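Participant:
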Amino acid sequence: MHSYDYALLLAFFALVLLPAPWLGRFYYKVMEGQRTWLSPVLGPVERGCYCIAGVDTRQEQNWKQYALALLVFNLAGFLLLFAVLRLQAYLPLNPQHLPGQEWSLAFNTAVSFMTNTNWQSYSGEASLSYLSQMLGLTVQNFVSAATGLAVLVALCRGIARRSAGTLGNFWVDMTRATLYGLLPLCLVLALILVWQGVPQTFSDYVHAVTLQGADQVIPLGPAASQIAIKQLGTNGGGFFGVNSAHPFENPTAWSNLFEVVSIILIPVALVFTFGHYVKDMRQSRAIIAGMLALFLVGGATALWAEYQPNPALSNPQVEQSAPLEGKESRFGTTGSVLWTVTTTAASNGSVNAMHDSLNPLTGMVALVNMMVGEVIFGGVGAGLYGMLLNVLIAVFLAGLMIGRTPEYLGKKLQAREVQLLVATLLVMPVGVLILGALATALPGPAASISNPGAHGFSQLLYAYTSASANNGSAFAGLGANTTFHNLMTGLGMLIGRFGYILPVLALAGSLALKKTAPVGQASFPTHGPLFVTLLVVTILLVGGLTFLPALALGPIAEHLSLALQGVTP
Amino acid sequence: MNMPLRDVKTAPASTAQTSFSALWRPALVQAFVKLDPRQLKRAPVMLVVELTAIFTTLLCLLPDNQVPTGVALQIALWLWFTVLFANFAEALAEGRGKARADSLKAGSQGLSARRRTAAGSFEVVAATVLRKGDVVRVEAGEMIPGDGEVIEGIAAVNEAAITGESAPVIRESGGDRSAVTGSTRLVSDWLLVRISSNPGESTLDRMIALVEGAKRQKTPNEIALDILLIGLTLIFLIVVVTLQPFAHFAGGAIPTVFLVALLVTLIPTTIGGLLSAIGIAGMDRLVRLNVIARSGRAVEAAGDVHVLMLDKTGTITFGNRRCSAVFAAPGITAKELGEGALYASLADDTAEGKSIVEYLRQLHDFVEPVAGQFQPVAFSAETRLSGIDLGPRRYRKGAVDSVLAFVGMQRLDLPPALAREVDKIAQSGGTPLLVCVDKRLLGVIHLKDVVKPGIRERFAELRKLGIRTVMVTGDNPLTAAAIAAEAGVDDVLAEATPEKKLARIRQEQDEGRLVAMCGDGANDAPALAQADVGMAMNDGTQAAREAANMVDLDSDPTKLLDVVQVGKELLVTRGALTTFSIANDVAKYFAILPALFAAIYPQLGVLNLMQLASPQSAIVSAIVFNALIIVVLIPLALRGVRVKAASAAHLLRRNLLIYGLGGLLVPFAGIKLIDLLLNALQLV
């Protein structure tokens, strides 16, 4: 590693962690309808939205009403997007006259963007019109992130309120999250990206003749605006097929830094928002510490692994540095690994390197980041509510050991809560293992795998993990655009999204109703190094115990064959 | 353990055999009886193990060239052992309670009762047909046929069968001593009793139901834990079931027997198998304390309590004021005062009087006049003095104003030194008594509420556990504050009335706290019902006993502290074994995974950290460890994890270290050891 590699890492952590407390407070104020410096500008817009939609901001909803509103809104979004993708040939802003998507692909894409996954079984420049990208995908990029944020604040309120029946108003939360939470930041990032050379145009693709005299079509489009939200909203669905490895999506080292920071900027800030809700910033610091510990362990492992020479080529005649296959030389190894770890830790899924080409251990870090349920910062809102579920599980597992009914911030965890927690624990095993097993066992779907053996298994495992964790990044190597994989990964995404959201809202409703016991010396300490350790171990244990056998057959087996025998199995 | 759990009283049925030697045989039989799936479905994890045991046994019949039949048989056998060990633990816990309950039950067999008919005459019926509201007549020498309230009569009752206390107690209609318990014997007179419970609901029935596994209701935390264990079982089922297609994809196949072994070692069998034993043993500890809980829920709530409301009298203090000091008036020697005070108290049979005599006898050697030499003067409402006439001399003691009237002095005439002393005693919450002989003032006796020894330390320990104590007393705030300071309680509810008590409980509960209290009077009933943990005294009123969710048969209010302790131990034991059980899985993975994949990816042998001899021995070792650890932990499950008085953070650190880290490391050593043994014996 060179000095500029260290500078990149330093800049990354500084840009992510320094603004987080301030941004977190901003989100708290915004979501609770308090006045911020943006209010004079956006306040009238917000009130206008409520006026048009007929939303009464004082009308709060209980968890069932909240969940119903969320489901209806998401279903409507899905149907709209599905229609746009199918009918794009008949809609304007389609300079390349691209046809509509095939039904299973349209289903997969619509589900993918509605669930904040942005798994792409298609290539943007080859199959989507500008209208589909902007009116279809970008809209979902915004509202799916806002949905995550809304669910998170509902959970925060559930924990913070005492003996309350309601969790807030879904429509108000969505409006505020989009208007104040996402739009301003996206505007800034889009401008930065345009400055760095990302296109933002409605003009046709450019036809050029190369030096060799070959015809070349250079795709363009309104890319910057979509890339801004794809990064900030932890969506990850690229405008172009190769995502942020494409020079028009991520042209320079600077754009790379801003984009990678944007991936976890909001998820980190939201942890502080939680602290404001429960009026105890120690809780935020403990959770941040836990997330950071997991992030650093994963990151360090991945960096170390990626700088290892390939044992298969260990031969005195071959001079090797860190392998660069599948990486963009303008980002280098550190820039690619940092992105890989960040994009899988947060459920973003955009990529700036080919994950298929990573060393097996780096690939495993990416897999584990997703398998633990996207809780290492995770998606906008989704990461923290997932993390809070882990906090509750840790509290329940160890809480009995202090001789009291387990309590988190004064809220007792009883049968109902445990039931809901268990429901969320089942999401990843069902989505990854059961759907993955189906895909390996059936001869048709398994044929999509391009490599045999352990690496091929990793490809498939990665696809279903990415879908169920709502990450959306691809390992590549798996021909995912088949009816089976389109439907099954679509199913995985739905399970992975609503398998969390519905229990989380029910949990929020149940916690809100409870009395809050005073927190004192007798209560389970949920801050401090001991709890952080407990939390990290719980996450690794719950995730590890579930997925260790699968990982052993994939990346671990591959790594060991490489390391011990110098061959890929 | 720092918190002294009161010496366990001689169990009510001291004849009950509760030692291991007497219990293991029937428990062994029960372990097999409990294999019945209908019984086992109360412990879902163990039901899964039994199903896999059946499945594996069947698999033994199908030859598999990958697994020698001997190995398959061993796995099947150990799976059966796993279930049997868990059943044995439960049966053992049940056995201890049952032995106690059975001897109690024996006393109530075949009882008959004289029931009052509508016409007013009495008919003889079996005790078992008595219903709530029936009125029965009980005479000396007969057993009371059921729990009830005395509506007429007064009698001495021997409650030894229930409380273990052989001295008879008085029961009478009205007042706070009107409740009687079934299966206790009348030793004098007669009583008319209104039965207050239907068959199956009496104190005795409740006592039995608490310790009988099959009828026991699961407590809220146990239910929550059960859900988690079922969830984990489901997850591991998914893990194991999907492993076969994954292995097929990798070009191999895993023998089904090995997959079954993996499943059973991963699912939380340790806690799943011991969960019900822990619950039963916890209730049994309570029964041994002579406390009957209406439900396990109340016992768990006791562990969660934030506030203890304790009556001053009887709980914090001895209930009677005692002499703690004497002060002589100016010009009077200590000996003179002592003699005067002693003489004035000789004929006083009250506890206060006796305490004065006791106190002074320790100070000096007096020549005491024997009975007959003096004329006792009893306390009368008119003079409000007591004492003796010894010859011509008249020794008297009494309240300040009464004695002053006797000697013909005004309050202002009191010597300043004595007046100061009197004020000081009053301010400190005590009672000053003046002593005089004839017209001469001798001095003042300091009577005070004496705080029970050791209670201050117990409150300090409770405070460490985060439990606040509130002293409830009818005293004025000044007196109350003085005693509170001495006893080290956190808060005082002075001049308490039943309404104030109830309001205080509601207020604490509104702030999210759980409140425990004990009481005996009829006017305590609303507060007992409102409190999260209400403990009634057995010698209290029926109203209090019905409102409370616990009854202390010994009528000892300090028991509340022990109940809290039992509640906490119950929760800690469950938590500790859950953590231990889950932490165990890591080592089991490292034993089994390399063995499973040995044929597919030999390089995964690197994960065989324990260097187990062969795939077969690795799998058998893991399954043997999994079964034996249940046996090893039975004593802990029955005894319960001790709870030290310490902050939550301290408790957590300590228990995480022992049961979390321990659970991570122990199986590595255990499995390795078993592997060495299996190979030495050439069993695999």
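Keeping their order, the protein sequence lines are chains A and B. Residue 0 is where the first sequence starts when you use numbering that gives the first Met the number 0, and the numbers rise one by one after that. Residue 0 is where the second sequence starts when you use numbering that gives the first Met the number 0, and the numbers rise one by one after that. The beta-carbon is built from N, C-alpha and C at its ideal position, and this holds for glycine as well. The model shown is predicted, which means the values in this text are computed figures rather than measured ones.
#1: Considering just the uninterrupted stretch of the beta strand (DSSP E) at B:D531, what are its terminal residues?
#2: So what's A:Y306 in DSSP terms, helix, strand or just coil?
#3: Listed from N- to C-terminal order along the chain, which residues in the segment 562-575 of chain B have their beta-carbon within a distance smaller than 8 Å of any beta-carbon of chain E?
#4: Have a look at A:F169 and A:L186 and give me their C-alpha separation to the nearest angstrom.
#5: Looking at C-alpha atoms only, which residue of B:P368, B:L672 and B:T430 is the closest neighbour of B:N475?
#6: Using the beta-carbon count (16 or more within 10 Å), is A:N314 buried or exposed?
#7: Using a Cβ-Cβ distance cut-off of 8 Å, determine whether B:S275 contacts chain A.
#8: Using only the alpha-carbon positions, how far apart do B:P415 and A:G402 sit?
#9: Output, in sequence order along the chain, the residues in the segment 387-415 of chain B whose CB is closer than 9 Å to any CB in chain A.
#10: Once DSSP output is grouped into helix, strand and coil, what is the label at A:H558?
#11: Taking B:F19 as the reference, which of B:V47, B:R95 and B:L61 has the closest Cα?
#12: Quick one: Cα of B:D551 to Cα of B:L559, how far?
#13: Rounded to whole angstroms, what is the Cα-Cα separation between B:L592 and B:T241?
#14: Would you kindly report the start and end of the unbroken alpha helix (DSSP H) that includes B:Y394?
#15: Under 8 Å between C-beta atoms, does B:P11 make it to chain A?
#16: Would A:N368 and A:T233 be called neighbours here (beta carbons separated by less than 8 Å)?
#17: So, are the CB atoms of B:A301 and B:V469 less than 8 Å apart?
#18: Less than 8 Å between the CB atoms is what I'm expecting for B:D310 and B:P556, so what's the real figure, rounded?
#19: With 16 as the cutoff for other CB atoms within 10 Å, does A:M30 come out buried or exposed?
#20: Alpha carbon to alpha carbon, how far is B:S275 from B:A90? Give it in angstroms, no decimals.
#21: For B:D303, go through chain A and note every residue whose CB falls closer than 7 Å to its CB, in chain order.
#22: Compare the C-beta of A:G157 with all C-beta atoms of chain B and state if any pair is closer than 8 Å.
#23: Tell me which same chain residues have a C-beta within less than 6 Å of the C-beta of B:A594, skipping the five on either side of it?
#24: Between the C-alpha atoms of A:P359 and B:D303, what's the straight-line distance to the nearest angstrom?
#25: Does the distance from the C-beta atom of B:G442 to that of B:A327 stay below 8 Å?
#26: Using C-beta distances below 7 Å, list every residue in its chain close to A:F141, excluding the 5 sequence neighbours before and after it, in chain order.
#27: Tell me the rounded alpha-carbon separation between A:H96 and A:Y204.
#28: By the 8 Å beta-carbon criterion, what residues does the segment 646-660 of chain B contribute toward chain A?
#29: Can you pull the chain B neighbours of A:A462, defined as C-beta to C-beta under 8 Å?
#30: Would you decide whether B:V605 is buried or exposed? Buried here means 16 or more other CB atoms lie within 10 Å of its CB.
#31: With distances taken Cα to Cα, identify the nearest neighbour of B:L129 among B:S111, B:S120 and B:V137.
#32: Residues of chain B with a CB under 8 Å from the CB of A:S560: which are they?
#33: Anything in chain A within Cβ reach of B:P244, meaning under 7 Å, just list it in chain order.
#34: If I follow the unbroken beta strand (DSSP E) through B:S385, where does it start and stop?
#35: Ends of the beta strand (DSSP E) at B:N157?
#36: Taking 7 Å as the limit between beta carbons, can you name the residues of its chain near B:D6, skipping five residues before and five after?
Facilitator: Taking the definition as stated:
#1: Sequence index remark: in the second sequence, residue 531 of chain B carries index 532 (1-based). Per DSSP, B:D531 lies in no beta strand (DSSP E) and is assigned neither H nor E.
#2: One-based indexing of the first sequence puts residue 306 of chain A at position 307. Looking at A:Y306 - three-state DSSP - the assignment turns out to be coil, as it is neither helix nor strand.
#3: Any reference to chain E falls outside this structure, whose protein chains are A and B.
#4: Within the first sequence, numbered from 1, the residue matching residue 169 of chain A stands at position 170. Within the first sequence, numbered from 1, the residue matching residue 186 of chain A stands at position 187. Their Cα atoms are separated by approximately 24 Å.
#5: As a working note, residue 475 of chain B is residue 476 in the second sequence. Nearest neighbour of B:N475 by Cα position, chosen from B:P368, B:L672 and B:T430, turns out to be B:T430.
#6: Numbered from 1 along the first sequence, position 315 holds the residue referred to as residue 314 of chain A. By the 10 Å Cβ count, A:N314 comes out exposed.
#7: Start at 1 with the first residue of the second sequence, and residue 275 of chain B comes out as number 276. Not one chain A Cβ lies under 8 Å of B:S275.
#8: As a working note, residue 415 of chain B is residue 416 in the second sequence. As a working note, residue 402 of chain A is residue 403 in the first sequence. Roughly 56 Å separates the two Cα atoms.
#9: none
#10: As a first step, residue 558 of chain A must be located in the first sequence, where it is residue number 559. A:H558 falls in the helix class under three-state DSSP.
#11: By one-based count along the second sequence, residue 19 of chain B stands at place 20. For B:F19, the nearest C-alpha among the options comes from B:R95.
#12: Counting from one through the second sequence, the residue named residue 551 of chain B turns up at place 552. Counting from one through the second sequence, the residue named residue 559 of chain B turns up at place 560. Approximately 9 Å between the Cα atoms of the pair.
#13: For this step, residue 592 of chain B is matched to residue 593 along the second sequence. For this step, residue 241 of chain B is matched to residue 242 along the second sequence. So the two alpha carbons sit approximately 14 Å from each other.
#14: Numbered from 1 along the second sequence, position 395 holds the residue referred to as residue 394 of chain B. Segment R392 to A398 is the beta strand (DSSP E) holding B:Y394; no alpha helix (DSSP H) there.
#15: On the second sequence, residue 11 of chain B is found 12 positions in, with the first residue counted as 1. Low per-residue confidence applies at B:P11: pLDDT is 43, beneath 50, and the placement is therefore not dependable, though the value from the model is reported in the following sentence. It does not; no Cβ of chain A falls within 8 Å.
#16: Your numbering for residue 368 of chain A matches position 369 in the first sequence. Your numbering for residue 233 of chain A matches position 234 in the first sequence. Taking 8 Å as the Cβ cut-off, A:N368 and A:T233 do not qualify as a contacting pair.
#17: As a first step, residue 301 of chain B must be located in the second sequence, where it is residue number 302. As a first step, residue 469 of chain B must be located in the second sequence, where it is residue number 470. It is not a contact, given that the beta carbons lie outside the stated cut-off.
#18: In the second sequence, the residue the question calls residue 310 of chain B occupies position 311. In the second sequence, the residue the question calls residue 556 of chain B occupies position 557. Going by Cβ atoms, the distance from B:D310 to B:P556 rounds to 6 Å, so yes, they are a contact pair.
#19: As a working mapping, residue 30 of chain A is identified with position 31 in the first sequence. Label assigned to A:M30: buried.
#20: Within the second sequence, the letter at position 91 stands for residue 90 of chain B. Within the second sequence, the letter at position 276 stands for residue 275 of chain B. B:A90 and B:S275: Cα-Cα distance of roughly 10 Å.
#21: Taking the first residue of the second sequence as position 1, residue 303 of chain B is located at position 304. Here the neighbours are R403 and T404.
#22: Your numbering for residue 157 of chain A matches position 158 in the first sequence. Cβ-Cβ to chain B under 8 Å: no for A:G157.
#23: As a working note, residue 594 of chain B is residue 595 in the second sequence. Here the set comprises P614, A617 and I618.
#24: Position 360 of the first sequence, counted from the first residue, corresponds to residue 359 of chain A. Position 304 of the second sequence, counted from the first residue, corresponds to residue 303 of chain B. Cα-Cα distance, rounded: 49 Å.
#25: Indexing the second sequence from 1 puts residue 442 of chain B at position 443. Indexing the second sequence from 1 puts residue 327 of chain B at position 328. Cβ distance < 8 Å, so B:G442 and B:A327 count as in contact.
#26: By one-based count along the first sequence, residue 141 of chain A stands at place 142. Close CB contacts of A:F141 within its chain, under the 7 Å cut and outside five residues either way in sequence, are with T177, L181, I228 and G232 (chain order).
#27: Numbered from its first residue, the first sequence carries residue 96 of chain A at position 97. Numbered from its first residue, the first sequence carries residue 204 of chain A at position 205. So the alpha carbons of these two residues sit roughly 11 Å apart.
#28: S646, A647, A648, L650, L651, R652, N654, L655, Y658 and G659
#29: Here residue 462 of chain A refers to the residue found at position 463 of the first sequence. Within 8 Å Cβ-Cβ: nothing; A:A462 doesn't reach chain B, min ~14 Å.
#30: Taking the second sequence and counting its residues from 1, the one referred to as residue 605 of chain B is at position 606. Burial call: exposed.
#31: For the purposes of this step, residue 129 of chain B is taken as the residue at position 130 of the second sequence. Closest option to B:L129, Cα to Cα, is B:S111.
#32: One-based indexing of the first sequence puts residue 560 of chain A at position 561. Going along chain B in sequence order, the residues near A:S560 (Cβ under 8 Å) are Y600 and Q602.
#33: Position 245 of the second sequence holds residue 244 of chain B. Result: A436, T439 and A440.
#34: As a first step, residue 385 of chain B is located in the second sequence; it is residue number 386 there, counting from the start. Per DSSP, B:S385 belongs to the beta strand (DSSP E) from L384 to L389.
#35: Taking the first residue of the second sequence as 1, we reach residue 157 of chain B at position 158. That run of the beta strand (DSSP E) goes I153 to N157.
#36: Taking the first residue of the second sequence as position 1, residue 6 of chain B is located at position 7. Residue placement at B:D6 is flagged as unreliable, the pLDDT there being 38, under the threshold of 50; the coordinate-derived value follows with that caveat. So the list is empty, once near-sequence residues are dropped.
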